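J.: Take this structure first; my questions come after.
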Amino acid sequence: MVTLDMRSLMVPVGIVRILEVVLTCISFSLVASVGHNNSSFWTWCMFTWVFCCVITLIILIMEFTALHSRVSISWDDFTTAYAMLATLMVLAASIIYPTFFTCLTCGRQIGATVTSILAFILYATEVGLIRARPGEISGFLSTVPGLLKVLEAFVACIIFISLDYSFYSHFPGLQWCVAVYSLCFIFAILIIVFTICRLLALFPFSFEKVLTYYNVMAVLMYMTCVVIWPLYSFQNQHNRPAGCPRGCYWDNLVVIAFMTCSNLVVYIVDTAYSVKLVFITTA
Numbered sequence: 022m023v024t025l026d027m028r029s030l031m032v033p034v035g036i037v038r039i040l041e042v043v044l045t046c047i048s049f050s051l052v053a054s055v056g057h058n059n060s061s062f063w064t065w066c067m068f069t070w071v072f073c074c075v076i077t078l079i080i081l082i083m084e085f086t087a088l089h090s091r092v093s094i095s096w097d098d099f100t101t102a103y104a105m106l107a108t109l110m111v112l113a114a115s116i117i118y119p120t121f122f123t124c125l126t127c128g129r130q131i132g133a134t135v136t137s138i139l140a141f142i143l144y145a146t147e148v149g150l151i152r153a154r155p156g157e158i159s160g161f162l163s164t165v166p167g168l169l170k171v172l173e174a175f176v177a178c179i180i181f182i183s184l185d186y187s188f189y190s191h192f193p194g195l196q197w198c199v200a201v202y203s204l205c206f207i208f209a210i211l212i213i214v215f216t217i218c219r220l221l222a223l224f225p226f227s228f229e230k231v232l233t234y235y236n237v238m239a240v241l242m243y244m245t246c247v248v249i250w251p252l253y254s255f256q257n258q259h260n261r262p263a264g265c266p267r268g269c270y271w272d273n274l275v276v277i278a279f280m281t282c283s284n285l286v287v288y289i290v291d292t293a294y295s296v297k298l299v300f301i302t303t304a
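Right, dumping it as structure tokens:
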């Protein structure tokens, strides 16, 4: 029998989630009314708003009907990871969309940008509210290394939407970089899924130590990408090509180079936390 929990909609987190649903719905509705665009960045923005609206609505329904207590996953880990991911996704959409698709006379595009920025603020607020509840969240994804894993996966997603197969397929060095991005992304996703599904206890070895060794390898692999990607991508075109519009292939190469450096920094911080927790705290 379904039990309705009105309190879940009255607490600050519930109110914030309701507003998130409304604002993300407004964002993708305004953009959809403008018309379709074939750009991967436009697709990313639309996917972000629709995805966040639907998942947030599902979370609201699950908590309102108390069905979340019946699912065999770590609900706190799931909502924490999702809130962090949604914050990053909406932030990216709030930057990407006005950069490539908004002008001073584009009323609906500007409106979508404003509502997207407000949604980002609300998702960031939700992250703060969830982590501020003492004693309710103790899973891996609520820790700094866990949230860093979400950030690593998100940055990899930005890299993927900027990739052009027809470009990197001609250079073995760039193919290595794509392989690094893919392997690290897959591993981060597996960690998030295993945590949410409560499968970490099934590991026959020390998960924390394996995670630390993996982080060290990821740092080393990303260090090669930080050197190789710009070396191959900009070897014959150090400056922006003449007549290159917003969102052209050269901009995508710059985005990938910047995101590669960003993820390297994240992995270094992740490694430092892992080493501290495993080898220094337990020493």
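With the sequence shown counted from 1, adding 21 to any position gets you this note's numbering. Built from N, CA and C at the ideal position, the CB exists for glycine as well. Computed from a prediction, not measured in an experiment: that's the story for all the values here.
For a test of the three-state rule: what should DSSP assign to Ile94, helix, strand or coil?
T.: In the sequence shown, the residue the question calls residue 94 occupies position 73. In this structure, Ile94 counts as coil in the three-state DSSP scheme.
J.: Taking contact to mean at least 3 C-beta pairs separated by less than 8 Å, is the region 270 to 282 in contact with the region 231 to 238?
T.: Counting Cβ pairs under 8 Å, fewer than three are found: no touch.
J.: Quick check: the Cα distance between Ser54 and Met67, rounded to an integer number of angstroms?
T.: Along the sequence shown, one-based indexing puts residue 54 at 33. Along the sequence shown, one-based indexing puts residue 67 at 46. Approximately 12 Å between the Cα atoms of the pair.
J.: Rounding to the nearest angstrom, what Cα-Cα distance links Cys178 and Arg261 in this structure?
T.: The residue you call residue 178 lines up with position 157 of the sequence shown. The residue you call residue 261 lines up with position 240 of the sequence shown. If I take the Cα positions, the gap works out to 24 Å.
J.: Would you kindly check if the distance between the Cβ of Phe122 and the Cβ of Ser183 is under 9 Å?
T.: For the purposes of this step, residue 183 is taken as the residue at position 162 of the sequence shown. For the purposes of this step, residue 122 is taken as the residue at position 101 of the sequence shown. No.
J.: Output the residue ranges of the alpha helix (DSSP H) runs that lie fully inside the region 191 to 279 and measure 4 residues or longer, sorted by chain position.
T.: Listed in chain order, they are 193 to 217, 228 to 254.
J.: By the DSSP assignment, the alpha helix (DSSP H) with Gly35 in it spans what residues?
T.: Position 14 of the sequence shown holds residue 35. Residues 33 to 55.
J.: Measuring only the C-alpha atoms, how far is Ile151 from Leu252?
T.: Taking the sequence shown and counting its residues from 1, the one referred to as residue 151 is at position 130. Taking the sequence shown and counting its residues from 1, the one referred to as residue 252 is at position 231. If you take the alpha carbons of Ile151 and Leu252, they lie about 43 Å apart.
J.: Is the number of C-beta pairs between the region 190 to 198 and the region 294 to 301 that are closer than 8 Å three or more?
T.: No, the region 190 to 198 is not in contact with the region 294 to 301.
J.: Does DSSP classify Gly156 as helix, strand or coil?
T.: Stepping through the sequence shown from its first residue, residue 156 is reached at position 135. Because the pLDDT at Gly156 is just 47, under 50, the model does not fix this residue reliably, and the value given afterwards should be weighed accordingly. Here Gly156 sits in coil by DSSP.
J.: When we look at the beta-carbon of Ala222 and count the other beta-carbons within 10 Å, is it buried (16 or more) or exposed?
T.: On the sequence shown, position 201 is the one that residue 222 refers to. When all chains shown are included, Ala222 counts as exposed.
J.: Do Thr3 and Ala114 have their C-beta atoms within less than 9 Å of each other?
T.: Given a span of 22 to 304 for the chain in the structure shown, any question on residue 3 remains unanswerable.
J.: Label Ile207 either buried or exposed according to how many other C-beta atoms from any shown protein chain fall within 10 Å of its C-beta, with 16 as the threshold for buried.
T.: Sequence index remark: in the sequence shown, residue 207 carries index 186 (1-based). Exposed: under 16 other Cβ atoms inside 10 Å.
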